[in-house]
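Everything on this sheet refers to the single structure shown next.
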Amino acid sequence: MPEEPRDERHRVPGTKLAVPEAPSRLVSRPRLLAMLDTARDTQVTLVSAPAGAGKTLLLAEWVRERGRGDTAWVSLDSDDNDDRRFWSALLDALSATVRDSPLSRLAVPANPSADPAFLADVVNSLDDLPEPVVLVLDDVQELTNPQPLQGLEALLQHQPAGLRLVLSTRHDPRLPLARLRLAEELTEIRAEDLRFSAAEVRALLATADIELDHEQLHRLVDQTEGWAAGLRLATLSLAESADPDRFLAEFAANDRAVGEYLIDEVLSRLPEDMAEFLRTISVADKVSAELAAHLSGRPEAGAVLDAIAERTSLVFRVDAVPRAYHVHSLLRSHLLADLARQDPQRAATLHGAAADWFSARDQPSRALMHAIRAGNDRRTTELLHRYAVGLILNGSHELVREVLDSLDARPVVEDPRLALVSGLLHLEQGDPAEAERDIAHAEASWPADPGAELAAFRGLVRSRLAQVSGDVDDLVASTEELATAPDSLDAAAALQRGSALLATGDRAGARRLLRAALHAARDGGHDYVGIQALTQLSGLAAAEGDYRQMVTLAAAVNEENARRGWQRTLEAATASLMLAYGALLRADPAECVRQARRAGQVVDTADPPVMRGMNLSVETLRGAGEFELGDRTGGARRLNAARLVSGGGRFAAEQIALCALLEHRAALLLGWGPAAADALRWAQTGIPDSAEVHLMRARAQLALGRREAAAKIVQPVLDGSVVPAIVWSPIDAWLLSAEISLAVGDRPRARRALKHALSMADGLDVPYPVVFAAPEITELLTSELGKLGRAAERFAERVFALRRALDVPPMVPLTAREQAVL
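All the letters of the sequence shown, read from the start, carry residue numbers 250 to 1071 under my numbering.
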């Protein structure tokens, strides 16, 4: 065979130099195109990401859509490891882009990358170009021969002014990237940049007329981690699926197209021992070098992980210390499913080994998840005994419930610790009836010598049940077992004891214990207990009349619950109640009803409800809000029912006062005398001699036309000789005094009473009683505008604005004078 001429170029197929065609369902990604536009200011742009990340499509769109007539393209393959073929392709691509350049006439020597004269000619020709040319080299990972890489390095070293290199690769090439990065001559677009956002995924699905709801869309994004190839394969399969939920449940592990792609493009390119190593470590979602060595039995596991990460970006380092790696979700799901199909016993053994490894390093969540998958109830039970209580206090409720449900029912029922764990979970999830059954199971199998920790844990569960049922006496009694709680329960014990003191009215003691609970929870990492402490501190602020602080704390709890996924917990319901109360006091009945409904989603629906205290608060606030929104009869009936279903037991004074006041007022306005009398009797039993009882009695006397009796009864509230259970009740009392004074024709006294009410309402930030005051009070307020003083005038303007903003007319219509003011 004749020898090929020494200095001629190899013939290069035109397809290697052609910009790839865009697919029919291309989703444009402007944010990445903008990154590439900006990258023209640097010498080298590196697009490094795993197979199927969308590198080639992105670069092809950039060249075509931006009209890049100054761009040369070379699609590299394994043939380009021949140095002359490599340089022939580069020169042909550049020659086709730059007309009448010496580049088109350069001959390629036998060893071009090691030929200084040839390289100098290339660099000089590029330096002489009037405008820089962009050279895109796609699939640089195909270059494994040192020679072409050496030639590329020479180009980078000399930095010809007329060249901008764009390198697309599955892993970083062996080039001096660090030097370029330090010189700020390198722009990097990596896998995390190429991941599809939720909006881009929705656009991709739309090209195939596929619509997913919000939850389904984000499940798909999570499963694929935004990987373009996985998304395109999913799109093809979804187009043929009638049940998106079922498809998403099976997609990661069982989609044939994904499996074939991963085998062809990833696993087949790895040596068999590396592929088997990946299959072994696939039982863990994040694997350190040490865990990989433990699972695989290979001491050099760290080096193997590094080698795999270098070969495929579907395995990448996520933590530096300790060194840890993540296997892409789709690849891991495929490997794990393959392992489970081929050798389920080995899969279980590996999960068990991982459970033991994580347990030895005190990582309970991961230990328990692996224990479930190992299918060993003994190991799972031992781990629950060790970790369950701490996990509940941390807020990992769903995890603990999943682990409990993985066990047979008998071990849970017959194990007092696990029964109490189940009971506490049921309480936090708003199912006190099941919690009571769990506690009964624990009592039935209670040991003769339970030990201090188990006894204290029982006290914790009992006190939490008493708290949600609303019975103050039960709450106080059940916290006695918490007086000597061990360190592991100190935050939760302080919380429950503080809650008991708050319910009995010992605010100073409650503040001390609740703050101690908050600090202990933060120090111990018990995040859920910390949220509970903040919620109770919000309740303390309400009891003390600091309603701004009440709302601020409740809003912070609400935001944290949303961030942590705790929206369906008892604590979330309690925070919503605080926000509902704050909305009512701000005269925003619509928001009050909305927040009360949110809280009601967690409160049990038993008849009668077990969560009597929670039910009383939910229905009271919802009924009050509905009443002020115009549903007078429905709201008043709900208020009445809230009191009736609460049953016996002793509730906190604030709860009784609020429910009784609101129901009594609504019943009187509707003319429901017997219901008003019942509400008053209930309050006299629960909070005798309180300011609220005096206020209700005086209001009833005024409704009967007995003005002097009403004035006499309300006077102790005005002079402070009786103590209110609710800090804002005196506002109502002063408004009632003004109403009485008007009724007897003493307008000056009425004005003084009104100014007292406005001053208190402004100071407490409680416009509610004034906004929904009697029509005589509204008329008095409008007539006094301009005579009240600056602070009172500002507050009056706020009252009128709130009345105007109501979606429905107040109980009494706006007066002509008020309409004129507005």
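A virtual CB, placed ideally from N, CA and C, is assigned to each residue, including glycine. Owing to the predicted nature of the structure, the values given are computational and were not obtained by experimental measurement.
Query: Where L414 falls: helix, strand or coil (DSSP); Result: strand
Query: Limits of the beta strand (DSSP E) - the one that V293 falls within; Result: V293 to S297
Query: C-beta contact flag for V567 and A558 at 8 Å; Result: no
Query: Residue from T728, A715, D722 and G719 with nearest C-alpha to G708; Result: T728
Query: Contact check, H619 vs V662, beta carbons under 8 Å; Result: no
Query: Pairwise C-alpha distance: G773 and L643; Result: First, the amino acid is wrong: residue 643 is Asn here, not Leu. If I take the Cα positions, the gap works out to 9 Å.
Query: Sheet register partners of S645 (DSSP bridge); Result: S645 pairs with nothing; no bridge assigned.
Query: P251, DSSP secondary structure in three states; Result: At P251 the pLDDT is 41, less than 50, meaning the model places this residue with poor confidence; the figure from the coordinates comes in the next sentence. Note: P251 maps to coil in three-state DSSP.
Query: DSSP-derived helix/strand/coil call for D387; Result: strand
Query: Length of the line joining the Cα atoms of D328 and F335; Result: 8 Å
Query: Buried versus exposed call for G263 [16 or more other C-beta atoms within 10 Å across all chains shown]; Result: exposed
Query: Reference F367, options L819, L340 and R627, closest by Cα; Result: L340
Query: Minimum C-alpha distance to K1036 - residue among N889, E1025, L1003 and V1048; Result: L1003
Query: Those runs of the alpha helix (DSSP H) which lie wholly inside the segment 306-366 and span at least 4 residues; Result: 332-346
Query: Run of the beta strand (DSSP E) containing A573, from where it starts to where it stops; Result: A573 to V576
Query: Of the listed residues S737, L762, L738 and D739, nearest to G747 (C-alpha basis); Result: L762
Query: Reference D776, options V638, P381, G831 and M827, closest by Cα; Result: V638
Query: Short Cβ contact (8 Å threshold) for L870 with L910; Result: no
Query: Integer-rounded CB distance, given that L617 should sit under 8 Å from V532; Result: Going by Cβ atoms, the distance from V532 to L617 rounds to 14 Å, so no, they are not a contact pair.
Query: Span separating the alpha-carbon of P397 from that of D376; Result: 21 Å
Query: Burial state of K304, where buried means 16 or more other Cβ atoms lie within 10 Å; Result: buried
Query: Meets three-Cβ-pair contact criterion under 8 Å: the segment 381-401 and the segment 415-425; Result: yes
Query: Beta-carbon proximity check, L516 vs I530, cutoff 8 Å; Result: no
Query: Same chain only: Cβ atoms within 7 Å of V778, ignoring 5 sequence neighbours per side; Result: L642, A740, A741, L744, A766 and A770
Query: Three-way DSSP call (helix, strand, coil) for T456 in this model; Result: coil
Query: Separation of L750 from A782, as counted between CA atoms; Result: 13 Å
Query: Check whether L412 and P381 have beta carbons under 8 Å apart; Result: yes
Query: Contained alpha helix (DSSP H) runs [length at least 4] in the segment 761-839, N- to C-terminal order; Result: 776-792, 796-813 and 819-834
Query: Length of the line joining the Cα atoms of A1069 and R996; Result: Bear in mind that a pLDDT of 48 at A1069, under 50, signals an unreliable position, so the model cannot answer this.
Query: Environment of Q472 [buried if 16+ CB atoms lie within 10 Å]; Result: buried
Query: Per DSSP, cross-strand counterpart(s) of R439; Result: S297
Query: R289 to L426 span [Cα, whole Å]; Result: 17 Å
Query: Residue ranges of each alpha helix (DSSP H) within the segment 924-959, 4 or longer; Result: 940-952
Query: Contact under 8 Å by Cβ, V1015 with L834; Result: yes
Query: For D522 and D587, the rounded distance between their alpha carbons; Result: 16 Å
Query: A668 beta carbon less than 8 Å from that of D680; Result: no
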